[in-house]
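Some notes on the structure that comes next.
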Amino acid sequence: MAEITYICKRTVVSTKPTQPRKYHSFSILDHLMEKNHIRISWGEKEAREITVSLRESISKMLTHFSKVTGRLIRNEKGNWMIKCNDAGVRMVEARAKGSVKDWLKSVDREKELKLVPHLCHHVPQGLG
């Protein structure tokens with residue numbers, strides 16, 4: 001795998017605050033999809049300007065999808081739900097030698113987790 005240099009870890013927040021005490025229960029589809037996670041990797045040769053644009057776009061998007069910025073909690077029945085709290089989403093900036101194509105040919109779970117070394121990789125029991 002290519003050598004990775006970590007530049008920074010940021011939290012991107014919504015441009016507008018969410019409604020106080022807003023909660024979202026999981027739908028049937030959410031429960032069916034609980035073993036699936038969204039992981040996004042973005043590759044560019046020179047990413048400085050794109051990174052700023054990406055952060056701004058994510059921030060605007062979060063105003064319309066407050067569930068994304070929430071945190072998982074359990075309700076009184078023990079079911080998972082999302083508490084919207086404007087905590088934002090994590091974004092890790094890194095630089096790697098090599099191409100995305102080469103990295104994808106040799107990727108495994110251990111190598112994938114090295115891309116986000118400072119984030120918590122623990123998924124609550126029943127969600128991973």
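Count the sequence shown with the numbering used here and you get residues 1 to 128, in order.
All C-beta atoms in this analysis are idealised placements derived from N, C-alpha and C, irrespective of residue type, glycine included.
For Val12: DSSP bridge partner residues: For the purposes of this step, residue 12 is taken as residue 12 along the sequence shown, with counting starting at 1. Beta-bridge pairing links Val12 to Val89.
Length of the line joining the Cα atoms of Gln19 and Gly70: Locating residue 19 in the sequence shown gives position 19, where the first residue counts as 1. Locating residue 70 in the sequence shown gives position 70, where the first residue counts as 1. The alpha-carbon separation between Gln19 and Gly70 amounts to approximately 12 Å.
Alpha-carbon to alpha-carbon, Ser14 and Ile58: As a working mapping, residue 58 is identified with position 58 in the sequence shown. As a working mapping, residue 14 is identified with position 14 in the sequence shown. Approximately 8 Å between the Cα atoms of the pair.
Residues bridged to Thr51 [DSSP beta-bridge criterion]: In the sequence shown, the residue the question calls residue 51 occupies position 51. Partner residues in a beta bridge of Thr51, as assigned by DSSP, do not exist.
Own chain residues within Cβ distance below 8 Å of Thr11, not counting five before or after: As a first step, residue 11 must be located in the sequence shown, where it is residue number 11. Ala87, Gly88, Val89, Arg90, Met91, listed in sequence order.
Supposed contact pair Glu93 and Ile7 - C-beta distance, whole angstroms, cut 8 Å: In the sequence shown, the residue the question calls residue 7 occupies position 7. In the sequence shown, the residue the question calls residue 93 occupies position 93. Right, the Cβ-Cβ distance comes to about 4 Å (below 8 Å), so this counts as a contact.
Presumed contact (8 Å Cβ cut-off) between Lys67 and Ile50, rounded CB distance: As a working mapping, residue 67 is identified with position 67 in the sequence shown. As a working mapping, residue 50 is identified with position 50 in the sequence shown. Contact flag wrong, Cβ pair sits at about 26 Å.
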